[in-house]
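*Asks:* Let me begin by handing over the structure; questions about it come next.
Number of protein chains: 2
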Amino acid sequence: MNDKPEGKDRQVTEITPQSEDFSAWYIDVVRRAELADYSPVKGCMVIRPYGYAIWELIQQALDRRIKETGHVNAYFPLFIPEGLLTKEAEHVEGFAPQVAYVTHGGGEKLEERLIVRPTSEAIIGTMYAKWIQSWRDLPVLINQWANVVRWEKVTRPFLRTTEFLWQEGHTAHETEAQAEEETLKILDLYKDTIESELAVPVLTGRKSESEKFAGALRTYSIEALMGDGRALQAGTSHNLGQNFARAFDITFQARDKSLQHVWGTSWGVTTRLIGAVVMVHGDDNGLMLPPRIAPYQVVIVPIPRGNWQQTVLPRARELRASLQTAGIRVTMDDRDTYTPGWKFAEWELRGVPLRLEIGPRDIEQSQVMLVRRDTREKLPTPVEGLARRVEELLAMIQASLFETALRFRDEHTTRTDSYEEFKRIMEGRPGFVVSLWCGSQKCETDIKTETQATIRNLPFRDPGQPISGSCIKCGQPAREVAYFAKAY
Amino acid sequence: MNDKPEGKDRQVTEITPQSEDFSAWYIDVVRRAELADYSPVKGCMVIRPYGYAIWELIQQALDRRIKETGHVNAYFPLFIPEGLLTKEAEHVEGFAPQVAYVTHGGGEKLEERLIVRPTSEAIIGTMYAKWIQSWRDLPVLINQWANVVRWEKVTRPFLRTTEFLWQEGHTAHETEAQAEEETLKILDLYKDTIESELAVPVLTGRKSESEKFAGALRTYSIEALMGDGRALQAGTSHNLGQNFARAFDITFQARDKSLQHVWGTSWGVTTRLIGAVVMVHGDDNGLMLPPRIAPYQVVIVPIPRGNWQQTVLPRARELRASLQTAGIRVTMDDRDTYTPGWKFAEWELRGVPLRLEIGPRDIEQSQVMLVRRDTREKLPTPVEGLARRVEELLAMIQASLFETALRFRDEHTTRTDSYEEFKRIMEGRPGFVVSLWCGSQKCETDIKTETQATIRNLPFRDPGQPISGSCIKCGQPAREVAYFAKAY
């Protein structure tokens, strides 16, 4: 990682307040909560166990949905012969500046350079051309969990790194309509996963021509709003049309016996989602994890009074066991080298949704103290029925985090027809601005140059309802409603 | 893949009999069952959905055990700066000839070449040096699921490919004894997983000096016997001693306040295990999958008689649902383009442990026909209590596959003190030969040159019981018992 080289190896002891420097706050939280660390490889991060455990929970939630909708996983080579990438003209133009080249292997110079995959359309398309013969072979619905490499000049853990982890779906269909249906089905699947598991509200819509995937017919995206009012693209789903099928010669014999090109889609979300979780829910005390993707949903802190190791600790262990039996992810911090106060701050920083304190007095009263990470509310709770109560609270926290994020987004979404107001908004912590757009790339570029705001996406709308109004920039008749924002 | 370039793109329609050409049989099964396919990248394979589903089941079984023993997952960069690899002298000597170099990225020549990881000791060691300060930070028990690249001249799907998937554990400990304990604990974990899930019996033991991991103190391995009498190394666990800790300066403040180097281990198993499953259990009809790692444990084939789509199919769907409810992995082949006979052969080829046939007469009699893949036994079975019966049969098949493989190994394991007999055995389909060895590398090398047999490993033995006898090769006093075999 090279965005803060001067601070690379300092120990993070305190977290910069969000209000002081959101970007420094983000890096501090990522490093201090041990989600990720800088590596000796420029632009590449190490995902530490706590961060990776979050990724595993996101993967499970997503993988289940991907399989429930009829997709299967597979694995394609990391390397792509240079000649393959160049087959789709727009695709190579989009990715060539970002690729890493392998030139030597096994002690010899390679005859043809290999590209480390930045995405796998080229290699997967080549295989589909072999596998697909007839309409009976369609649809092909394959997903891959993999690492990809895109050379980046400025990087930030999770948000933009040279290597990152992702899933990439690649499908082939008989008809254009089926490809479009798949593209939108996946967009909904992403929205559902990210809203219900990560508690991050997202806006769905279509990307403008200038922001679409290199080689796609149409790109759809989900966009989330971070705590500093900047947008983050959280996932994309591409209708590839027949572009890649033509480039890689993926044909099939249709029902009418004619030879046709398949209709393709591709779609992906990445470890960037972890960055979204940090920036949507975190506060000056650190991380705040939605229970569904929290590696630990409850941390038990035994209060060391008297001979606590004989009295409190055994009881704490029983509670841990009973919560685990109920399927709750629990850890216990029984280290004797730290005070309870230190532990409270530490586990808040790590974003554990619920803290369970238990001391001698609690045991006398057959209760424990539950403390919510989000509201910091203290809730004395009877041991009787504890697991059920914890489950209720976790569900409440999950819902509450989503509602809070949604409210923040609503409060930071402005509709305006005035370019003066548009520019004023973009100067502060802007959020989304909804405005009308003529559809020209010139206006899009001018707005970006003047305000740094880009079109995040164009929301779906009733095609029967025409747009009346004029472009926020040029005043010509508008053809689109657009979500604008400064973006990561 | 480049081992059979002439046959690369032929459609596999029939499977070469094992007795005719085991190697051709293997490739035919892998391709015809759609486990893997050749890719346009030399030495790299595509793991197709059916093969990848097997890998996912192996991963789950292994990952659960890795976590139950206190390990956590993380992710380290794909690339390693060349300078890091060279820090451990033996390590670089062992791996340098096999690495792929990235020389260009983002349109520029890199200042320092990057290596695509062949294994991650160097990059992980570098991070451990940052993270570990005190004995309180130990042990560090981290595992990674990743792709690695080792340039290979001769490749074969799953068994030896330039890129492969694996897990690699990397741990750091306070004492030598703890590192040794970890190394052996993992060896046992591998043995347990592979024997109970893959139904592949393995021999555990220590590698000879010449076969140990580049940079390790001691390497332990598990070795399995394939259907052609050749051995396959199925996993390794290395006690790294303090070699990497010294090379990467991984130190900690010990309990006595002195500064010491950590004691390390590393261990891994790969997608090669899928090749082992094919070659241990498969027969001339194709694949034979142990139920625990079979993507489909049962295939339902409705028998198309009369108006079967109105009568048989609804009943078949009910059975599928009830088996799925019981947690059994089921698929149904209701395609009307293939005959039942074709389907029977097809699903046998794909190794599904149980076939369930249901036709009009079965429905009348409230029964189904179950057919075992391993014994091909036909078992008329009442619908009443079907799920429980299927579970019983799957457990029986799992046990039976293991016992059959174990019997085969026992029948192909010979103890001999005569080098003449040793050489004779190695000429056919040899299996393991257990012989005494003086411990000299010269004898090991001479035996390999003359017979192609290598020391697979040195079984654990009671240190109190001295070895009496002489080396199979030189006749000098023996210091070790050794398992010899021709190996993949």
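From first to last, the protein sequence lines are chains D and U. Anchor point for the first sequence: position 209 equals 208 in numbering that gives the first Met the number 0, and the numbering is continuous, going up by one each time. Anchor point for the second sequence: position 143 equals 142 in numbering that gives the first Met the number 0, and the numbering is continuous, going up by one each time. The beta carbon of each residue, even a glycine, is placed where N, CA and C say it ideally should be.
Nearest to Gly468 (chain D) by CA position, among D:Val480, D:Lys108, D:Asp461, D:Arg460, is which residue?
*Replies:* When each option's Cα is compared against that of Gly468 (chain D), the closest is D:Val480.
*Asks:* Residues of chain U with CB under 9 Å from Lys152 (chain D), in chain order?
*Replies:* Correct list: Gly105.
*Asks:* Does any C-beta atom of chain D lie closer than 8 Å to the C-beta of Asp36 (chain U)?
*Replies:* Taking Cβ atoms only, chain D reaches closer than 8 Å to Asp36 (chain U), which makes this a yes.
*Asks:* Based on DSSP bridge pairs, tell me the residues matched to Asp36 (chain D).
*Replies:* Asp36 (chain D) pairs with D:Val45.
*Asks:* Could you name the residues of the same chain whose beta carbon sits closer than 7 Å to that of Gly132 (chain U), not counting the 5 residues immediately before and after it, in chain order?
*Replies:* Note that residue 132 (chain U) is Gln in the sequence shown, not Gly. Correct list, in chain order: Phe251, Gln252.
*Asks:* At which residue ranges does the stretch 253 to 277 of chain D contain complete beta strand (DSSP E) runs of 3 or more residues, listed in the order of the chain?
*Replies:* Counting whole runs of 3 or more residues, the stretch 253 to 277 of chain D contains the beta strand (DSSP E) stretches 258 to 260, 262 to 269.
*Asks:* Could you give the DSSP three-state label for Asp488 (chain U): helix, strand or coil?
*Replies:* As shown, chain U starts at 0 and ends at 487. That puts residue 488 (chain U) outside it, with no answer to give.
*Asks:* Does the Cβ-Cβ distance between Gly263 (chain U) and Leu231 (chain U) come in under 8 Å?
*Replies:* It is not a contact, given that the beta carbons lie outside the stated cut-off.
*Asks:* By the 10 Å Cβ neighbour count, where 16 or more other Cβ atoms means buried, how is Ala320 (chain U) classified, buried or exposed?
*Replies:* Classification of Ala320 (chain U): exposed, given that the 10 Å Cβ count is below 16.
*Asks:* On a CA-only basis, which of U:Arg423, U:Phe401, U:Ala35 is nearest Met126 (chain D)? Give me that one, please.
*Replies:* Comparing Cα-Cα distances from Met126 (chain D) to each of U:Arg423, U:Phe401, U:Ala35, the minimum goes to U:Ala35.
*Asks:* Roughly how many angstroms lie between the CA atoms of Met0 (chain D) and Arg155 (chain U), to the nearest whole one?
*Replies:* In this prediction, Met0 (chain D) scores a pLDDT of 41, lower than 50, which makes its location untrustworthy; the coordinate-derived value is nonetheless stated afterwards. Answer to the nearest angstrom: the Cα atoms are 37 Å apart.
*Asks:* Can you find a CB in chain U that lies within less than 8 Å of the CB of Pro76 (chain D)?
*Replies:* Chain U, which has a Cβ nearer than 8 Å to the Cβ of Pro76 (chain D), makes this yes.
*Asks:* Give me whichever residues DSSP pairs with Gly234 (chain D) in a beta bridge.
*Replies:* BP columns for Gly234 (chain D) point to D:Ile221.
*Asks:* Whole angstroms are fine: how far does the CA of Gln58 (chain U) sit from the CA of Val71 (chain U)?
*Replies:* Answer to the nearest angstrom: the Cα atoms are 14 Å apart.
*Asks:* I'd like to know whether the C-beta of Arg406 (chain D) is nearer than 8 Å to at least one C-beta of chain U.
*Replies:* Answer no: the Cβ-Cβ gap between Arg406 (chain D) and chain U never drops below 8 Å.
*Asks:* Quick one: residues in its chain with C-beta nearer than 6 Å to the C-beta of Thr330 (chain D), no 5 flanking neighbours on either side, listed in chain order?
*Replies:* Excluding positions up to five away in sequence, the list reads Tyr295, Val298.
*Asks:* Rounded to whole angstroms, what's the CA-CA distance from Arg47 (chain D) to Thr68 (chain U)? Just pull it up for me.
*Replies:* If you take the alpha carbons of Arg47 (chain D) and Thr68 (chain U), they lie about 18 Å apart.
*Asks:* Within 10 angstroms of its Cβ, does Ala325 (chain D) collect 16 or more other Cβ (buried), or is it exposed?
*Replies:* Under this definition Ala325 (chain D) is an exposed residue.
*Asks:* If we call anything under 8 Å between Cβ atoms a contact, is Thr380 (chain D) one with Gln366 (chain D)?
*Replies:* Yes, the pair counts as a contact, with Cβ atoms nearer than the cut-off.
*Asks:* Find the residues of chain U that neighbour Thr125 (chain D), judging by a C-beta separation of less than 9 Å, and give them in chain order.
*Replies:* Ordered by position in chain U, the residues that pass the 9 Å Cβ test against Thr125 (chain D) are Ser38, Pro39.
*Asks:* Listing by chain order, which chain U residues have their CB less than 7 Å from the CB of Arg47 (chain D)?
*Replies:* What Arg47 (chain D) touches in chain U: Ala73.
*Asks:* For a minimum of 4 consecutive residues, which ranges assigned as the alpha helix (DSSP H) are wholly contained in the stretch 75 to 142 of chain D?
*Replies:* Complete alpha helix (DSSP H) runs here, min 4: 81 to 84, 88 to 94, 120 to 130.
*Asks:* Report yes if the C-beta distance between Val389 (chain U) and Ile357 (chain U) is below 8 Å; otherwise report no.
*Replies:* In this structure, Ile357 (chain U) does not lie closer than 8 Å to Val389 (chain U) by Cβ.
*Asks:* Would you report the Cα separation of Trp307 (chain D) and Val300 (chain D), rounded to the nearest angstrom?
*Replies:* Using only the alpha carbons, I get a separation of about 12 Å.
*Asks:* Cβ of Thr102 (chain D) less than 8 Å from any chain U Cβ?
*Replies:* Yes, because at least one Cβ of chain U sits closer than 8 Å to the Cβ of Thr102 (chain D).
*Asks:* Can a CB atom of chain U be found closer than 8 Å to the CB of Arg478 (chain D)?
*Replies:* For Arg478 (chain D), the answer is no, since every Cβ of chain U falls outside 8 Å of its Cβ.
*Asks:* How about the stretch 197 to 214 of chain U and the stretch 441 to 455 of chain U: do they share at least three Cβ pairs that are nearer than 8 Å?
*Replies:* Touching, per the Cβ criterion.
*Asks:* By the criterion of Cβ-Cβ separation under 7 Å, what are the contact partners of Ile141 (chain U) in chain D?
*Replies:* The answer, in chain order, is Pro48.
*Asks:* Could you check how far apart the C-beta atoms of Cys43 (chain D) and Phe78 (chain U) are, in whole angstroms? I think they sit under 8 Å.
*Replies:* Yes, they are in contact, since the Cβ atoms of Cys43 (chain D) and Phe78 (chain U) sit about 6 Å apart, within 8 Å.
*Asks:* Under DSSP, the beta strand (DSSP E) around Gln166 (chain U) begins and ends at which residues?
*Replies:* Per DSSP, Gln166 (chain U) belongs to the beta strand (DSSP E) from 162 to 172.
*Asks:* Assuming Ala484 (chain D) is part of the beta strand (DSSP E), what are its boundary residues?
*Replies:* That run of the beta strand (DSSP E) goes 479 to 484.
*Asks:* If the cut is a Cβ gap below 8 Å, which residues of chain D does Ala52 (chain U) touch?
*Replies:* Simply Val71, Asn72.
*Asks:* Enumerate in chain order the residues of its own chain whose CB-to-CB distance from Lys108 (chain D) is below 7 Å, with the five nearest sequence positions on each side excluded.
*Replies:* For Lys108 (chain D), where only same-chain residues beyond five positions count, the Cβ hits under 7 Å are Thr102.
*Asks:* Taking just the CA atoms, how far does Arg245 (chain D) sit from Ala95 (chain D)?
*Replies:* If you take the alpha carbons of Ala95 (chain D) and Arg245 (chain D), they lie about 20 Å apart.
*Asks:* Across the stretch 254 to 269 of chain U and the stretch 282 to 291 of chain U, are there enough close Cβ pairs to call them in contact, namely three or more that are closer than 8 Å?
*Replies:* Touching, no.
*Asks:* So with Cβ pairs under 8 Å, would you call Cys442 (chain D) a contact of chain U?
*Replies:* For Cys442 (chain D), the answer is no, since every Cβ of chain U falls outside 8 Å of its Cβ.
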